[in-house]
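Structure first, then comments.
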Amino acid sequence: MTAAKTGSGEDVHLTWDVSTCPSTTYHLFHGDAADLSNYGYSGGVCGLSTTGDDTVPIPPPAAGSFTWWLLAGTEGTTEGHHGFRSDGTIRPASGVGLCGVLDHDASGSCP
909 MTAAKTGSGE
919 DVHLTWDVST
929 CPSTTYHLFH
939 GDAADLSNYG
949 YSGGVCGLST
959 TGDDTVPIPP
969 PAAGSFTWWL
979 LAGTEGTTEG
989 HHGFRSDGTI
999 RPASGVGLCG
1009 VLDHDASGSC
1019 P
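Going by the numbering used here, the sequence shown opens with residue 909, and the numbers climb by one from there.
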């Protein structure tokens, strides 16, 4: 995934590879620097385009901080896993409840 500020600076333009990991929809989760170590999300943008190209509103980070993003494919109310920890285990599913997600499927192999 690549991300770039738009001209207004209030939105972020995202592109990602949908051919490698196709899905019926995608959700973007975001968090502040302080949330990164505990996998906490401060919000999400639901129902992104299935073309791999979308522009979304993301609140700016606090001064001296940063915002991070995680993109996940979703099939109905089940979402793909949110990546791996440094020890190779799957990260906890702390996005459950955002965007109508009820469950996570950890069997996928999308990068």
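All C-beta atoms, glycine included, are put in the ideal place defined by N, C-alpha and C.
Values in this document were obtained by computation on a predicted structure and should not be read as measured data.
(request) Quick one: measure Cβ to Cβ for residue 952 and residue 937, integer angstroms, because I've assumed they're closer than 8 Å. (result) 5 Å
(request) Go ahead and label residue 912 buried or exposed: buried means 16 or more other beta carbons lie within 10 angstroms of its beta carbon, across all protein chains shown. (result) Result: exposed.
(message) Helix, strand or coil, according to DSSP, for residue 1014 in the structure here?
(response) In this structure, residue 1014 counts as coil in the three-state DSSP scheme.
(request) State the DSSP-derived secondary structure class of residue 943, mapped to helix, strand or coil. (result) helix
(message) Helix, strand or coil, according to DSSP, for residue 991 in the structure here?
(response) coil
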